[in-house]
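Take 1 as the starting number for the sequence shown in full-length UniProt numbering and just add one per residue.
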Amino acid sequence: MFRNSAVSALRLGAIAFRRVDPTKVPNAMCRAYTQQNTGNSSSSAGKWAWTAGILGAGLLSSNHAFAAGPSTKERSFIAIKPDGVHRGMISNIISRFEQKGYKLVGIKVIVPGMDLAKAHYAEHEGKPFFNKLTSFLTSGPVVAMVWEGKEVIKYGRTMIGATNPLASAPGTIRGDFCVDMGRNMIHGSDGPESAQREIALWFQPSEIAEYESATQSWVYE
Numbered sequence: 001m002f003r004n005s006a007v008s009a010l011r012l013g014a015i016a017f018r019r020v021d022p023t024k025v026p027n028a029m030c031r032a033y034t035q036q037n038t039g040n041s042s043s044s045a046g047k048w049a050w051t052a053g054i055l056g057a058g059l060l061s062s063n064h065a066f067a068a069g070p071s072t073k074e075r076s077f078i079a080i081k082p083d084g085v086h087r088g089m090i091s092n093i094i095s096r097f098e099q100k101g102y103k104l105v106g107i108k109v110i111v112p113g114m115d116l117a118k119a120h121y122a123e124h125e126g127k128p129f130f131n132k133l134t135s136f137l138t139s140g141p142v143v144a145m146v147w148e149g150k151e152v153i154k155y156g157r158t159m160i161g162a163t164n165p166l167a168s169a170p171g172t173i174r175g176d177f178c179v180d181m182g183r184n185m186i187h188g189s190d191g192p193e194s195a196q197r198e199i200a201l202w203f204q205p206s207e208i209a210e211y212e213s214a215t216q217s218w219v220y221e
């Protein structure tokens with residue numbers, strides 16, 4: 001009985017490997033599993049073989065199903081500022097981007113020097129709050145990240161919320177975790193040009209990973 005179960009499991013895997021329409025595979029597998037385990041068989045080994053086969057077939061059916069296109073390769077620079085680090089919010093923030101379906105391709109913890117802070121906020125140089133911005137950014141560790149995915153710049157900003165946390169909608173990072181504009185916890189690129197500039201400012205090309213996540217076929221069609 002174990003041999004028959006194992007062979008059947010392998011056949012299911014072979015069907016999936018040949019890329020039968022994945023939407024048709026689960027029902028077929030479930031029917032086969034039910035038929036196998038409602039008969040006279042009492043072989044736990046056989047049942048385990050079927051379970052392994054079903055899981056394997058499901059994985060194989062999604063193999064190579066996702067091909068990354070230019071729209072899924074958009075990148076944004078996201079930084080958790082010193083207040084976010086000191087408050088222990090790193091995992092909360094990373095989880096939000098991961099749960100959305102975005103892919104982390106670069107990350108480092110750094111205490112930025114004043115030159116880096118001034119370059120990062122160069123567009124605000126000469127404004128009354130410029131020195132305050134740069135002083136705070138250099139006051140402690142920053143978690144610098146590069147996130148990749150479809151419209152990650154636009155929707156990354158949406159997830160972050162308004163500059164003033166009290167004007168941020170509930171459900172956004174700033175709306176949920178911040179109350180003061182001077183301690184708004186996180187920075188996100190506001191456009192393609194700023195994303196490109198900020199990523200180049202904070203990261204070397206060798207520090208950004210190129211890989212296909214195992215979850216991508218479940219995030220994108």
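The beta-carbon is built from N, C-alpha and C at its ideal position, and this holds for glycine as well. Model, not experiment: these values are computed from the prediction.
Would you tell me roughly how many angstroms separate the C-alpha atoms of W147 and I107, rounded to the nearest one? Your numbering for residue 147 matches position 147 in the sequence shown. Your numbering for residue 107 matches position 107 in the sequence shown. Approximately 9 Å, taken between the alpha carbons.
For Y102, count the other beta carbons within 10 Å of its own beta carbon; 16 or more makes it buried, fewer makes it exposed. Which is it? For this step, residue 102 is matched to residue 102 along the sequence shown. Buried.
With 8 Å as the threshold, decide whether the Cβ of L201 is near any Cβ in chain E. The chain inventory of the structure shown lacks chain E, comprising one protein chain alone.
Alpha carbon to alpha carbon, how far is K73 from M145? Translated into the one-based positions of the sequence shown, residue 73 becomes position 73. Translated into the one-based positions of the sequence shown, residue 145 becomes position 145. Using only the alpha carbons, I get a separation of about 15 Å.
What are the partner residues of E148, as DSSP defines its beta bridges? To locate residue 148, count along the sequence shown from 1; it is residue 148. For E148, which the question treats as bridged, DSSP gives the partners R75, K103.
Please confirm whether P170 and M181 have their CB atoms less than 8 Å apart. Looking up residue 170 in the sequence shown gives position 170. Looking up residue 181 in the sequence shown gives position 181. Against a cut-off of 8 Å, the Cβ pair of M181 and P170 comes out as no contact.
Quick check on the burial criterion: 16 or more other C-beta atoms within 10 angstroms. Buried or exposed for W202? As a position in the sequence shown, residue 202 is number 202, starting the count at 1. W202 is buried by the Cβ-count criterion.
Run through DSSP, which three-state label would I208 get? Here residue 208 refers to the residue found at position 208 when the sequence shown is read from its first residue. I208 falls in the coil class under three-state DSSP.
T215 in three-state terms, based on DSSP: For the purposes of this step, residue 215 is taken as the residue at position 215 of the sequence shown. Correct three-state label for T215: coil.
Using a Cβ distance threshold of 8 Å, determine whether the region 114-130 contacts the region 150-163, with at least three qualifying pairs required. no
Please classify H86 as buried or exposed, where buried requires at least 16 neighbouring CB atoms within 10 angstroms. Numbered from 1 along the sequence shown, position 86 holds the residue referred to as residue 86. So H86 counts as exposed.
DSSP three-state assignment for G188, whether helix, strand or coil: For the purposes of this step, residue 188 is taken as the residue at position 188 of the sequence shown. In the structure shown, G188 sits in a strand (DSSP, three-state: E or B).
Need the endpoints of the alpha helix (DSSP H) that D180 sits in, please. As a working note, residue 180 is residue 180 in the sequence shown. Per DSSP, D180 belongs to no alpha helix (DSSP H) and is neither H nor E.
Would you decide whether T134 is buried or exposed? Buried here means 16 or more other CB atoms lie within 10 Å of its CB. Here the question's residue 134 lines up with position 134 in the sequence shown. T134 should be labelled buried.
Exposed or buried, what is V179 when buried is set at 16 or more other beta-carbons lying within 10 Å of its beta-carbon? As a first step, residue 179 must be located in the sequence shown, where it is residue number 179. Flag for V179 reads exposed.
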